[in-house]
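Following full-length UniProt numbering, the numbering of the sequence shown begins with 1 at its first residue and continues without gaps. Okay, so here's the structure we're looking at.
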Amino acid sequence: MIGFLRRFRGPVTASHLPAGLLPKTLVSAAAASKPSVAVFWDLDNKPPNSIPPYDAAVRLKLAVSSLGPVRFCVAYANHHAFRHVPTPVRAARAARRARDRREASHPSPEPYPCRICGRNFFARAKLVDHFHQIHEREQAKRLHRLDSARGGRRVRLAAQLALKMEKYEKASRELLVPRVGYGLADELRRAGVVVRTVEDRPEAADRALREHIVDTMDRGKIGCLVLVSDDSGFLGVLKEARMRCLKTVVVGDEGDGALKRCADANFSWKDVISGKARKEAASAVGKWKDKELLKRLEWTYDSDLKEIEDVFEGESEDGDDEDGRFGLVGNRWSKDSKPWWKLDSDSCDSNLR
Numbered sequence: 001m002i003g004f005l006r007r008f009r010g011p012v013t014a015s016h017l018p019a020g021l022l023p024k025t026l027v028s029a030a031a032a033s034k035p036s037v038a039v040f041w042d043l044d045n046k047p048p049n050s051i052p053p054y055d056a057a058v059r060l061k062l063a064v065s066s067l068g069p070v071r072f073c074v075a076y077a078n079h080h081a082f083r084h085v086p087t088p089v090r091a092a093r094a095a096r097r098a099r100d101r102r103e104a105s106h107p108s109p110e111p112y113p114c115r116i117c118g119r120n121f122f123a124r125a126k127l128v129d130h131f132h133q134i135h136e137r138e139q140a141k142r143l144h145r146l147d148s149a150r151g152g153r154r155v156r157l158a159a160q161l162a163l164k165m166e167k168y169e170k171a172s173r174e175l176l177v178p179r180v181g182y183g184l185a186d187e188l189r190r191a192g193v194v195v196r197t198v199e200d201r202p203e204a205a206d207r208a209l210r211e212h213i214v215d216t217m218d219r220g221k222i223g224c225l226v227l228v229s230d231d232s233g234f235l236g237v238l239k240e241a242r243m244r245c246l247k248t249v250v251v252g253d254e255g256d257g258a259l260k261r262c263a264d265a266n267f268s269w270k271d272v273i274s275g276k277a278r279k280e281a282a283s284a285v286g287k288w289k290d291k292e293l294l295k296r297l298e299w300t301y302d303s304d305l306k307e308i309e310d311v312f313e314g315e316s317e318d319g320d321d322e323d324g325r326f327g328l329v330g331n332r333w334s335k336d337s338k339p340w341w342k343l344d345s346d347s348c349d350s351n352l353r
């Protein structure tokens, strides 16, 4: 054990010792010490088109959580990204309208239940009309009551109506079609993603995202940067993050893009959706820890030790130092001190004689 500790010239920490020599509390603390993660999502470049936005955001956060505790997740886009409707969503809406037209003349054998009051309708169009006429008006009255209440009465009223409002919101997401876009911003916020809208100018979202990344790095509160984009314009920010000793991870679809070549780890969007990226993230953290341990064990040059070795080499070449001009003072050799082999006991013996 002592020989093991003598290999380290600096202070010995828990990371230097094997797991068998540490208490269980220290082992668990060392295993849990992961860098805090910040996720920056470029929605203009990488919108969630293949699956619903809520599911995409949840799976992304689950994959990133294997790298460390997620400090925050922010997404940037202009107004066009929230107004745009992807092709799969438009196709699903067209098929739904065609089915509603068929049900007008041939009712469905299976009823459509209302998720709020429980009434059954054999045509989806009638269910939508019922929802607009009854439940939308009830929700508008609840919101009006909340807006007019103040102080403690508002708090009590919000707690009283919370269950009904949540039930309405869940039913409206399943039944109603958003008037603008396909509910991208609302679904991402529901998944815990901070959504920020920028002006409809070229590269406005990229510029705002870069500024946010640099500001976060200046504060020094994260240890891992996750970028969801394939835009090579973020290459400079990624290089700056690596210069500041931050771990960088890129999520994108390009197999060998410029961002993925610069990052410490990269995942494809398909792997994030399938859940494969979560396992790959855990293995990437293990590789990072192994590299850090190897860096601590590397030999480093010490100038003081080099001077001592030079003195010993000079003595071996010139012969014994009979004049007694060299000696060790502190960590350095001095000419004024006497040789190490002339002890004080020798001088005392000569005086006694």
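Idealized CB from N, CA, C, for every residue including glycine. These numbers were taken from a predicted model, which means no experiment stands behind them.
Buried/exposed call for T87, threshold 16 Cβ in 10 Å
That one is exposed.
Contact check, V250 vs L227 under 8 Å by CB: the rounded distance?
The pair is a contact, with the Cβ atoms about 5 Å apart (cut-off 8 Å).
Counting Cβ pairs closer than 8 Å, one from the segment 127 to 144 and one from the segment 43 to 50, do we hit at least three?
The count of Cβ pairs closer than 8 Å, one atom from the segment 127 to 144 and one from the segment 43 to 50, stays below three, leaving the stretches out of contact.
Contact between the segment 258 to 270 and the segment 74 to 92: three or more CB pairs below 8 Å?
These segments do not touch.
Answer with buried or exposed for I51, where buried requires no fewer than 16 other C-beta atoms within 10 angstroms of its C-beta.
So I51 ends up on the exposed side.
Using a 10 Å radius around the Cβ and a threshold of 16 neighbouring Cβ atoms, would you call R83 buried or exposed?
Exposed: under 16 other Cβ atoms inside 10 Å.
Since I believe D206 is in contact with D231 (beta carbons under 8 Å), could you give me their beta-carbon distance rounded to a whole number of angstroms?
The Cβ separation is near 6 Å, so the contact holds.
Using DSSP's beta-bridge definition, name the partner residues of C73.
Looking at the DSSP assignment, C73 forms a beta bridge with V39.
Alpha carbon to alpha carbon, how far is P69 from K167?
C-alpha separation (whole angstroms): 31 Å.
If I'm right that residue 366 touches R242 with Cβ under 8 Å, what's the distance once you round it to whole angstroms?
Examination of residue 366 is not possible in this model, given that the chain is present from 1 through 353 alone.
Since I believe A104 is in contact with A125 (beta carbons under 8 Å), could you give me their beta-carbon distance rounded to a whole number of angstroms?
Between A104 and A125 the Cβ distance is about 7 Å, and since that is below 8 Å, they are a contact.
Mind checking whether I222 and A38 have CB atoms under 8 Å apart?
Inclusion of I222 and A38 in the CB contact set at 8 Å is warranted, their separation being smaller than that value.
Taking the alpha helix (DSSP H) that R156 falls in, what are its first and last residues?
Judged by DSSP secondary structure, R156 falls within the alpha helix (DSSP H) whose first and last residues are 151 to 175.
Measure the C-alpha to C-alpha separation of A30 and D290 and round it to an integer number of angstroms.
Caution applies to A30, whose pLDDT of 44 falls short of 50 and renders its modelled position unreliable; the value that the coordinates give is listed next. Taking the straight line joining both Cα atoms gives about 13 Å.
Verify whether the separation of the beta carbon atoms of L209 and P53 is less than 8 Å.
Not a contact, by the Cβ cut-off of 8 Å.
The beta strand (DSSP E) spanning V180 covers which residue range?
Careful: V180 lies outside any beta strand (DSSP E) and carries neither H nor E.
Collapsed DSSP secondary structure at R196 in the structure displayed
The answer is strand: DSSP assigns R196 an E or B state.
Report all residues from its chain with a CB closer than 7 Å to the CB of A265; omit the five preceding and five following residues, and keep chain order.
Cβ-Cβ distances below 7 Å link A265 to V249, A284 in the same chain, with the five nearest sequence neighbours on each side left out; the list follows chain order.
Just to confirm my understanding: we take S316, look at its own chain, exclude 5 residues before and 5 after, and list those with CB closer than 7 Å. What are they?
Below a pLDDT of 50, predicted positions are generally treated as unreliable, and S316, at 49, falls in that range; no measurement from the model is reported.
Using the Cα positions of F61 and L246, report the straight-line distance between them to the nearest angstrom.
According to the sequence as given, residue 61 is Lys; it is not Phe. Answer to the nearest angstrom: the Cα atoms are 19 Å apart.
Span of the alpha helix (DSSP H), counted from its first residue to its last, around K221
K221 -> no alpha helix (DSSP H), and no H or E assigned at all.
What is the DSSP secondary structure of A123, counted as helix, strand or coil?
Assignment of A123 by DSSP, reduced to helix, strand and coil, places it in the coil class.
Between which two residues does the beta strand (DSSP E) containing G252 stretch?
Note, G252: beta strand (DSSP E), 247 to 252.
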